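Colleague: Residue numbers (our numbering), protein chains in the order written: chain A, 1 to 424; chain B, 1001 to 1424.
A virtual CB, placed ideally from N, CA and C, is assigned to each residue, including glycine.
From a predicted model like this one, the values you see are computed outputs, not experimental measurements.
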């Protein structure tokens, strides 16, 4: 009998686990220093919680089941519905702003492909209870703070920022009807990846005039730095607050010193219909999206809660892991096991002292190890080396030697003196 | 519409999440310093992986589903089968000893009750590829190292250690047949929780003579310290190596200074038939089991792998969390949010400087926060306090003051000087 991991899901042997922990630790560290608090929800939720947000079609992409009580459940494909449920349940008890993050394990019953697996982890950052664009700026800053933390420069990854209401006003002015809006947004989203003719054909299909299409194209191609001023001067009606928001967003991110990571880009509209304001994606070379998010003020209403400002983003571990690995950004040694001390009985009759020293070191918080087999010093040193030990402690009856494996440097002292160094 | 968490599963609001992280961080820290490496597997596995280990009956306790490819899958109720699968797949490539740990999220479709939920986390420690009892000692030491780490004394929690083969030899000598063995072991397991008559009735049912029953009872009641010598003198045949193992286990754990946490106790047999040697449980007041484990040398064979020594234990987060909370062992402040700096615009026109300082602090790895609302200093200080900030930074045009909130102590300096302190 031979068992394999479920298709599209990963086994994390220690080396892969270290990469996963490197990513999750950085997510957590950056979240906490940016003032976000961690939350989580069960991995199983009512199936209906997902269909009410994303429509019945989503059920096909879920691992769902019926429990013995006849309840329809599903493994979460995202945590946002759980977040909405949890916040809505305590909305009056939670002090605002609600600045929360989570690192959920998620599953999607999709066809696996490069960068897309059926089980993955996702960093989620959300600010709830704040209508001001200040909250969007805070999420984007946190995103950039993470990019800096793992070593991505503005040349490696840019956060492309757009505004759904601004783009929709623009499209409306150019004659796009309510019915044509979704298709027009889709065309914008696709434009950077398809030939110009295909883009134009999509807009012609919903009845746009050629002059409007070229006007839109021209507007979209405005250099990133000129977009906000150009929108401000465009006299677009019905999006005055959203235009002001983009301006304020730029001011805050400039004051916070991360403007070089930001590129305003009206192609960014995000597929999901529920975004209601600023939207953004972190995009690396090859148009690979590392993260995406934006404002979705109707979030709580979807689960029966009150109207409430909400904004946030998600970043998965799969594309990120590939990119960090390809670009050599994983710090040297971070994928290797490490150990502070490997303790060796360098003379017969000292094994009990080895055990005593190992116990003391661990009790003091130092990582310490010893070999289960009683064998020669050479073989034990070899094991110490394989385990990535910094120091070998060679115990003899008369005393011990602490050897730094990288340099070969060796200090001799009595067992009692070594124990004493541990007490300080 | 109102959604709730699935029955028997927990929402982790920030406070509950901090308790969960306190526990998981301690598990990880103790594992690493004891030389274990972390691994994980997908949360979904083939249903058959679980039934081949535990029998078809287990299926009733699982959340199982059929995917679109017709595969029968289940959410893992334990990680040991995944461990066996992963190790068996790479058995020739993995250097031994394999000392691995994991902190899996697990689900069981059981009826929820106090201390038993349908979703939980479990610490798993395993040593694979070592036949020697040294490996069992290493697992037990690591268990005790954790108990010490979270503040349990030997009076709070004892690790009760038994030996299945020793007990089985003893029962055999007293006339228990192969067929009666499982019932006899069950009776031993229950003895501390049931009246003497019930215990005796269970053994009588499988045909044991009254004299044998009282002999067994007498043996079981041997004080913990005398058990190992008494077994050694008992002349039990067929368990010589296992008796020697108990002796060596005692020697190692004594040398490592944790003997006071250990109580030898032959009642401990563990329910699962697959244990083949030393078995143990960490038991707190009220006979509550915090952890359980032992040697199961047939682990890899179950999934079609080779014969291979294996030993380990599991500890869940639910009973542990209750016990830590009840006994007041959670360190003060660990369940509260903390923040190093809360930066305040104490004069109009300084908000951009606030943003700049916050950005710099975060970039240096310090946690820093500011209020989204532009409001008076008093209200901002209140928010700083609510967020658990250690310091408030009050920014004015001429300079700033760093105020330590616990003492009210205040130091004034220029913005440039404060920025400089961050660079060191």
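For residue 1411 of chain B, is the classification buried or exposed, using 16 other Cβ atoms within 10 angstroms of its Cβ as the cut-off for buried?
Modeller: exposed
Colleague: Nearest chain A C-beta to residue 1140 of chain B closer than 8 Å, yes or no?
Modeller: no
Colleague: Can you give me the Cβ contacts of residue 1149 of chain B inside the same chain, cut-off strictly under 8 Å, excluding the 5 residues immediately before and after it?
Modeller: 1026, 1029, 1030
Colleague: Compute the beta-carbon to beta-carbon distance between residue 361 of chain A and residue 422 of chain A, rounded to the nearest angstrom, for a pair I have assumed lies under 8 Å.
Modeller: 6 Å
Colleague: For residue 1401 of chain B and residue 36 of chain A, I'd like the C-alpha separation in whole angstroms.
Modeller: 25 Å
Colleague: Given a limit of 7 Å on CB to CB distance, which residues of the segment 1263-1294 of chain B reach chain A?
Modeller: Considering only beta carbons, no part of the segment 1263-1294 of chain B lies closer than 7 Å to chain A.
Colleague: Secondary structure at residue 113 of chain A, three-state DSSP: helix, strand or coil?
Modeller: Note: residue 113 of chain A maps to strand in three-state DSSP.
Colleague: Can you list, in chain order, the residues of its chain whose CB lies under 6 Å from that of residue 1202 of chain B, leaving out five sequence neighbours each side?
Modeller: 1187
Colleague: Using only the alpha-carbon positions, how far apart do residue 221 of chain A and residue 1352 of chain B sit?
Modeller: 31 Å
Colleague: Residue 1375 of chain B CB to nearest chain A CB: under 8 Å?
Modeller: no
Colleague: Give a yes or no on whether 8 Å exceeds the smallest Cβ distance from residue 34 of chain A to chain B.
Modeller: By the rule that beta-carbons nearer than 8 Å mark a contact, residue 34 of chain A touches chain B.
Colleague: Let me know if residue 1242 of chain B comes out buried or exposed under the rule of 16 or more other beta-carbons within 10 Å of its beta-carbon.
Modeller: buried
Colleague: Buried or exposed, going by whether 16 or more other CB atoms sit within 10 Å of the CB of residue 1085 of chain B?
Modeller: buried
Colleague: Measuring only between beta-carbons, confirm whether residue 255 of chain A sits less than 8 Å from chain B.
Modeller: Put simply, the CB of residue 255 of chain A is near chain B, with a gap under 8 Å to one of its CB atoms.
Colleague: Compile a chain-ordered list of the residues in the segment 8-24 of chain A whose CB is closer than 8 Å to at least one CB of chain B.
Modeller: 9, 10, 11, 12, 13, 14, 17, 18, 20, 21
Colleague: Restricting to Cα atoms, I'd like to know which of B/1097, B/1286, B/1052 is closest to residue 372 of chain A.
Modeller: B/1097
Colleague: Quick check: the segment 1173-1193 of chain B against the segment 1205-1224 of chain B, are at least 3 beta-carbon pairs closer than 8 Å?
Modeller: yes
Colleague: Is the segment 137-154 of chain A in contact with the segment 237-255 of chain A, if contact means three or more CB pairs nearer than 8 Å?
Modeller: yes
Colleague: Within 8 Å, do at least three Cβ pairs link the segment 1299-1312 of chain B to the segment 1104-1112 of chain B?
Modeller: no
Colleague: My guess is that residue 127 of chain A and residue 312 of chain A are in contact by the Cβ rule of under 8 Å, so how many angstroms apart are they, rounded?
Modeller: Yes, residue 127 of chain A and residue 312 of chain A are in contact; Cβ-Cβ is about 6 Å, under 8 Å.
Colleague: Confirm, please, whether the CB-CB distance from residue 47 of chain A to residue 74 of chain A is below 8 Å.
Modeller: The criterion of a C-beta distance shorter than 8 Å is satisfied by residue 74 of chain A and residue 47 of chain A.
Colleague: Using Cβ-Cβ distances below 8 Å, what residues of the segment 1090-1124 of chain B are close to chain A?
Modeller: 1090, 1095, 1097, 1100, 1105, 1107, 1109, 1119
Colleague: List, in order along the chain, the chain B residues whose C-beta lies closer than 7 Å to that of residue 362 of chain A?
Modeller: 1033, 1034, 1145
Colleague: The segment 382-411 of chain A: which residues have C-beta closer than 8 Å to a C-beta of chain B, in chain order?
Modeller: Residues of the segment 382-411 of chain A whose Cβ lies closer than 8 Å to any Cβ of chain B, in chain order: 386, 387.
Colleague: For residue 169 of chain A, count the other beta carbons within 10 Å of its own beta carbon; 16 or more makes it buried, fewer makes it exposed. Which is it?
Modeller: buried
Colleague: State yes or no: is the beta carbon of residue 1043 of chain B nearer than 8 Å to at least one beta carbon in chain A?
Modeller: yes
Colleague: Specify, as a first and last residue, the run of the alpha helix (DSSP H) that residue 1021 of chain B falls within.
Modeller: 1014-1033
Colleague: Among the candidates B/1130, B/1340, B/1290, whose CA atom is the shortest distance from the CA of residue 1321 of chain B?
Modeller: B/1290
Colleague: On a Cα-Cα basis, can you pick out the residue from B/1284, B/1124, B/1309 that is closest to residue 1296 of chain B?
Modeller: B/1309
Colleague: At the level of alpha carbons, what is the spacing between residue 154 of chain A and residue 257 of chain A?
Modeller: 12 Å
Colleague: Report the neighbours of residue 1241 of chain B on chain A: residues whose CB is nearer than 7 Å to its CB, in chain order.
Modeller: Think of a sphere of 7 Å around the beta carbon of residue 1241 of chain B: no beta carbon from chain A falls inside it, the nearest being about 17 Å out.
Colleague: Report yes or no: is there a C-beta of chain B within less than 8 Å of the C-beta of residue 296 of chain A?
Modeller: no
Colleague: Could you check the C-alpha separation between residue 1011 of chain B and residue 384 of chain A for me, to the nearest Å?
Modeller: 43 Å
Colleague: Between residue 1310 of chain B and chain A, is the shortest Cβ-Cβ distance under 8 Å, so that the two count as touching?
Modeller: no
Colleague: With a Cβ-Cβ cutoff of 8 Å, do residue 1156 of chain B and residue 1284 of chain B count as a contact?
Modeller: Closer than 8 Å, so yes.
Colleague: Determine, using beta-carbon pairs with one atom in the segment 56-72 of chain A and one in the segment 1391-1407 of chain B, whether at least three such pairs fall under 8 Å.
Modeller: no
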